[in-house]
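Asks: Got a structure here, written out as structure tokens. Questions coming.
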Amino acid sequence: MTPVAVPVPKPALWPVDMPLEPRPRGALWIGVAGKGGAGKSVLSGTLARVLAQRGHQVLAIDSDPMPGLAHSLGVPEPEAPRLMHAAEKPEQGPWRLRTGIGPMTVVRRYTTPAPDGVRMLQLGKAGTDGLNPVNGAVNAFLGTVRRMHEAPALYGWAVVGDLPAGPRQLAAGFSPYARIYVVVVEPTSQSAMTGRRVARIARGPLGADVIFVASKVAGAEERRRVERLLGEPVECEIPRDQAVRDAEKRRVAVIDAAPDAPVARAVRQLADIIEQRGVQSS
Amino acid sequence: MKIAVSGKGGAGKTTISGTIARALARSGHDVMAIDADVNPMLGISLGLGMDGTERLAGIRQELSESRADDAIHEHTVEGLIERFGEDAPDGVRVVVASRVDMPDHGCLCCGVSADRLLRDMEAGGRTVLGDLEAGIGVLTRMEHGSLDVVLVVANPTPKAIEVARRAAETAVARDIRVLVVANRVAGDEDLEAIREVLGEYDIAIVPEDPVIAGADAEGLAPIDVDDTSPGVRAIIAIGERLTALPV
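Chains Z and R supply the protein sequences, listed in that same order. FYI, this note's numbering numbers position 88 of the first sequence as 89, with every residue one higher than the one before it. FYI, this note's numbering numbers position 142 of the second sequence as 136, with every residue one higher than the one before it.
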């Protein structure tokens, strides 16, 4: 993959500390978004593994304070957020990424190894007191994702970001790296409405490309329903698959438990589309 | 009485909230529904349709964009509701609390965030029902006594049950009463999975119901599709159970 300079339109909603100059980013930097329960984590984890099996160096990012990506990637959840160790609290001011640590160092030192050579970067884990106790990890996380474009060593990587439900984190700048958003939509009105909102933010202020995926569909009629509720076509469909539920109950990755399950085959098709799209946009 | 509905995304918070709001309004309560989700969709399950729900969210978008004009800003919660609330069927009043694309401003109007709206508003004689955003964030920002009850919605998946457990613990730590809603229960195994983790709390059961699934598929309020189906009846019964609680 050749790194390319992408002019980013000035986003009115961008947080003030975000750089607005054109920034080069990797071609296969992907954000996975949609409503809660749409199947984002299963899709993200499986997609990361599929891309890795095809020879990409993959960084999988779980930016949800309720982490769920570890299971679908096939790694045991780390006890404490590793990123905490990459954070420092200056005498004045908020927690931040430690001085001298860049995104590549974070990837090397503070990520969790997953099968097929995938590295998993995890935001953290909120307890009953909320995110405050892991503020260090959160700010180190934001410091990392917002500076990924400064790490040329990452340009050739594939990045798969599993985003929290809904439009909030997109609008709040949790995934500025993403050039392609995979928007996951179930055949329900709520899921479609979320998909529309997420796509509007991704295409507008974030200046990214969107791939709509119909998720948990049983048959052509449900795919058509997704398209009708969205008001636009989908490029790929992930079937409703008992293998997902079985794997989730056993807390293993579906791609390990059932590598040829319909859902895994569908994610391979999605990977084809993404690879093609990444090449086109380079 | 002030009720909040919490749980993992996709667990069924919005469907439960909208249906309870409609049911309570039908039985004569003065219901104020607050859509406190940053991805507001309560309008759908209240019966406003997808377009009506998008329009309701749009009122909030316009509000922050015209910040320069102080005259249109409301400084009180009551004023906000009066001005920006909308009528839903059965006399429910509904207001959307945050902007879709500018969530971190947290500004409903003049700095009134969704959190503050829920925390500070006086229920008076009304039943205030807040549909919270997914996860436990808003609950962690509530103070002791700022809510009467939290409905913690869990569908029978490990992740949803885990989020529900954290939500329930968070509420209890703030002296807020918890009622767990075991949602989309299709059999004993589902109920057992929820009881195993949440057995120490009161649990209301909502069975898997094609009427509710069908309503969501079409953007309709379940209570408008069939108010006698097992799932809808179970949700209506939760409303009755809530009104019987001492405040």
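Virtual Cβ for every residue (Gly too), placed ideally from N, Cα, C.
Please name the residue or residues paired with residue 0(R) in a DSSP beta bridge.
Replies: Residue 0(R) pairs with 146(R).
Asks: Check each residue of the region 204 to 219 of chain Z: if its Cβ is closer than 7 Å to any Cβ of chain R, include it; give the result in chain order.
Replies: Those would be none; no residue qualifies.
Asks: For the structure I just gave you, are there three or more beta carbon pairs, one from the region 138 to 156 of chain Z and one from the region 38 to 52 of chain Z, closer than 8 Å?
Replies: The region 138 to 156 of chain Z vs the region 38 to 52 of chain Z: no contact.
Asks: At 8 Å on the CB atoms, spell out the chain R contacts of residue 167(Z), in chain order.
Replies: Chain R residues near residue 167(Z): 3, 31, 32, 33, 127, 128.
Asks: Can you tell me where the alpha helix (DSSP H) holding residue 115(R) begins and where it ends?
Replies: Where residue 115(R) is concerned, there is no enclosing alpha helix (DSSP H), given that its DSSP letter is neither H nor E.
Asks: Would you say residue 218(R) reaches chain Z, if we count a Cβ-Cβ gap shorter than 8 Å as a contact?
Replies: Not one chain Z Cβ lies under 8 Å of residue 218(R).
Asks: Does any residue of chain R bring its CB to less than 8 Å from the CB of residue 24(Z)?
Replies: In this predicted model, residue 24(Z) has a pLDDT of only 44, less than 50, meaning its place in the structure is not dependable; the value taken from the coordinates is given anyway. No, its Cβ sits nowhere closer than 8 Å to a Cβ of chain R.
Asks: For residue 268(R), which residues from the same chain have a beta carbon less than 6 Å from its beta carbon, with the 5 sequence-adjacent residues on both sides left out?
Replies: Only positions -5 to 241 of chain R appear in the structure, and residue 268(R) is not among them; the question remains open.
Asks: Output needed in chain order: residues of the region 144 to 163 of chain R with a Cβ under 7 Å from some Cβ in chain Z.
Replies: Residues 151, 152, 153, 157, 160, 163.
Asks: Whose Cβ in chain R lies nearer than 8 Å to the Cβ of residue 188(Z)?
Replies: What residue 188(Z) touches in chain R: 211.
Asks: Apart from the five residues on each side of it in sequence, which residues of its chain come closer than 6 Å, Cβ to Cβ, to residue 62(Z)?
Replies: Here the set comprises 122, 162.
Asks: Verify whether the separation of the beta carbon atoms of residue 267(Z) and residue 238(Z) is less than 8 Å.
Replies: Cβ distance < 8 Å, so residue 267(Z) and residue 238(Z) count as in contact.
Asks: For chain R, check one thing: does any of its Cβ atoms lie closer than 8 Å to the Cβ of residue 123(Z)?
Replies: It does not: the Cβ of residue 123(Z) has no partner Cβ on chain R nearer than 8 Å.
Asks: Do the region 216 to 229 of chain R and the region 199 to 207 of chain R touch if we need at least three Cβ pairs shorter than 8 Å?
Replies: The answer is yes - the region 199 to 207 of chain R touches the region 216 to 229 of chain R, with three or more Cβ pairs under 8 Å.
Asks: Return helix, strand or coil for residue 54(Z), following the three-state DSSP convention.
Replies: Residue state, collapsed to three classes: helix.
Asks: Name the DSSP bridge partner or partners of residue 215(Z)?
Replies: DSSP output for residue 215(Z) lists 186(Z), 238(Z) as bridge partner(s).
Asks: Put residue 210(Z) into one of helix, strand or coil per three-state DSSP.
Replies: Looking at residue 210(Z) - three-state DSSP - the assignment turns out to be strand.
Asks: Have a look at 101(Z), 270(Z), 57(Z), 276(Z) and flag the residue whose alpha-carbon is nearest the alpha-carbon of residue 157(Z).
Replies: Residue 57(Z) is the option with its Cα nearest to residue 157(Z).
Asks: Determine the chain Z residues that contact residue 38(R) at a beta-carbon separation under 9 Å, and present them in chain order.
Replies: Correct list: 190, 191, 194.
Asks: With a CB to CB cut of under 7 Å and the five nearest residues on each side skipped, what residues in its chain are close to residue 42(R)?
Replies: Cβ neighbours of residue 42(R) beyond the five flanking positions: 50, 82.
Asks: Opposite residue 201(R) in the DSSP bridges: which residues?
Replies: Its beta-bridge partners are 179(R).
Asks: Quick one: is residue 136(R) near chain Z, going by C-beta distance under 8 Å?
Replies: No, its Cβ sits nowhere closer than 8 Å to a Cβ of chain Z.
Asks: My assumption, with CB atoms under 8 Å, is that residue 41(Z) sits in contact with residue 185(Z). Please give the rounded CB distance.
Replies: Confirmed, Cβ separation roughly 5 Å.
Asks: Quick one: give me the first and last residue of the alpha helix (DSSP H) that residue 228(R) is part of.
Replies: Residues 224 to 237.
Asks: Determine the contact status of residue 176(Z) and residue 35(Z), defining contact as a CB-CB distance below 8 Å.
Replies: Their beta carbons are not under 8 Å apart, which means residue 176(Z) does not touch residue 35(Z) by this criterion.
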